[in-house]
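Counting from 1, position 7 in the sequence shown corresponds to residue 7 in UniProt numbering; the numbering is continuous, with no gaps. Reading through the structure tokens given below for one structure.
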Amino acid sequence: MPTFVVSLRLPETFDEEFISLIPSHRAFINQLLSEKIVEVYAISSDRSRGWVTMHGDDAAAVRAVVEQFPLFHFLEGVEIDELFIFDSTASRFPHISLN
């Protein structure tokens, strides 16, 4: 299944409605992580941008999942790019210890 990176632009300020949705958003992301739909979820330290690496049949399928994010309506921008190569230490076999 193809892998995509989704770049998110978050709003400059977070109102009460946005903050109230964070727990349900995190629960949804955690569900996607456990289902191995999402590989990586990251938010910049200044909380202005985010990146989600996820699997999907195509960009439309990925967008359909992103549109289910509880915080989706607050996002100021969403870009979806299919990756040609996605390599990480997490996807490698663990080192074998002979102990």
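Just so it is clear, CB atoms sit at the ideal spot from N, CA and C, and this is done for glycine as well.
What are the partner residues of ILE43, as DSSP defines its beta bridges? GLY50
Alpha carbons only, please: which of ASP87, PHE74, SER97, ARG9 is nearest the one belonging to GLU17? PHE74
Determine the closest residue to LEU8 out of ALA42, THR53, VAL78, with distance taken between C-alpha atoms. The residue with the shortest Cα to Cα distance from LEU8 is VAL78.
Who are HIS25's beta bridge partners in DSSP? HIS25 pairs with nothing; no bridge assigned.
Given a cut-off of 8 Å on the beta-carbon distance, is the pair LEU32 and PRO70 in contact? no
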